[in-house]
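Numbering (full-length UniProt numbering), first residue to last: 1 to 345.
As structure tokens, then:
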């Protein structure tokens with residue numbers, strides 16, 4: 001006699017299936033899982049944590065999703081006007097009623113046009129956003145900073161990611177009540193990094209993908225307006241300026257005494273050789289960064305004045321003492337590439 005058995009997925013509690021849905025894209029839930037059975041039809045309809053990502057959705061899917069999904073159950077939204085999704089944001093605005101996204105927590109806008117940001121602004125202000133990510137095409141428009149300033153005035157916003165013209169970012173007017181805790185910026189000059197710390201005293205995480213295109217301004221490190229950032233614990237900087245020295249880094253890191261994790265990299269450029277001195281780093285960490293537990297760095301530097309690999313050995317030896325190996329348990333790797341006209345490390 002044939003016995004029909006149900007799959008384990010069919011008998012799982014609804015709450016657990018909703019947790020599984022958290023790891024699936026909305027199109028899979030709506031167009032595939034929802035059609036499996038009456039039970040999954042009901043479960044999909046009652047899901048209250050939809051994450052809509054329209055970067056790869058077909059344009060004709062927008063209208064279907066707008067009819068099926070209860071927009072108050074959407075917590076994350078990604079919109080894009082990249083080449084493969086041209087004019088998608090304007091189509092989204094035509095199909096969806098923005099005032100119904102009352103539980104939206106995360107908004108990701110990719111290559112958004114200024115007029116579309118204007119259309120979104122009023123409604124976004126009413127959402128309980130925690131995360132905002134904005135990617136602009138690389139041209140300057142003076143109205144963009146004002147629009148972002150208006151959105152950023154929300155006290156509930158905790159995370160902000162910005163990729164676009166740095167002049168737009170620098171013109172954002174930060175509210176004195178701003179509680180932003182996590183910031184990622186594509187590009188800043190060194191003095192702008194300092195200025196950002198001064199504007200955002202509650203910042204806990206800072207990532208700057210490119211710090212470059214200007215000489216390090218020593219005067220800014222003595223500016224009394226810039227306070228110590230006692231909340232900032234992890235920081236990630238990609239340095240693209242070959243004028244940065246150990247003194248420059250010490251001046252900057254003195255502002256973040258509670259730092260627990262630092263990541264410093266160079267982006268295909270040479271930095272000052274003082275920054276690869278293990279003894280100087282040991283002194284800096286012990287005096288200025290007593291809470292540092294994780295230190296990641298990738299430096300590239302060039303030497304024109306030696307051909308002997310023993311000098312490279314003496315350099316790496318400074319990272320083999322007990323402070324690095326036993327106390328911190330940080331292991332350092334060094335590659336030496338002798339070339340015709342210079343040596344690189």
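Ideal Cβ positions, reconstructed from N, Cα and C, are used throughout, including at glycine.
Since the model is a prediction, treat every value here as computed from it, not as a measurement.
Check whether residue i and residue j have beta carbons under 9 angstroms apart
i, j, result
"residue 231", "residue 202", "yes"
"residue 143", "residue 113", "no"
"residue 104", "residue 134", "no"
"residue 315", "residue 276", "yes"
"residue 186", "residue 159", "no"
"residue 262", "residue 295", "yes"
"residue 40", "residue 34", "yes"
In DSSP terms, what residue i is bridged to
i, result
"residue 296", "263"
"residue 238", "265"
"residue 79", "109"
"residue 51", "76"
Buried or exposed (CB count within 10 angstroms, at least 16 for buried), residue i
i, result
"residue 14", "exposed"
"residue 80", "buried"
"residue 58", "exposed"
"residue 145", "buried"
"residue 28", "exposed"
"residue 224", "Legend: pLDDT at residue 224 = 44, less than 50; position of this residue unreliable, no value from coordinates given."
"residue 293", "exposed"
"residue 266", "buried"
"residue 24", "exposed"
"residue 1", "Note that residue 1 scores 47 on pLDDT, short of 50, meaning its location in the model is unreliable and no value can be drawn from it."
"residue 11", "exposed"
"residue 69", "buried"
Segment limits, alpha helix (DSSP H) that includes residue i
i, result
"residue 17", "14-21"
"residue 116", "114-124"
"residue 91", "88-95"
First and last residue of the uninterrupted beta strand (DSSP E) at residue i
i, result
"residue 162", "159-163"
"residue 153", "Residue 153 -> no beta strand (DSSP E), and no H or E assigned at all."
"residue 182", "182-188"
"residue 209", "205-211"
"residue 133", "131-135"
Residues near residue i by beta carbon distance below 6 angstroms, same chain, minus five either side
i, result
"residue 161", "133, 184"
"residue 171", "145"
"residue 285", "292"
"residue 108", "78, 133"
The ligand GDP heavy atom lying under 8 angstroms from the CB of residue i
i, result
"residue 81", "For the ligand GDP, the structure offers nothing, since it holds no ligand at all."
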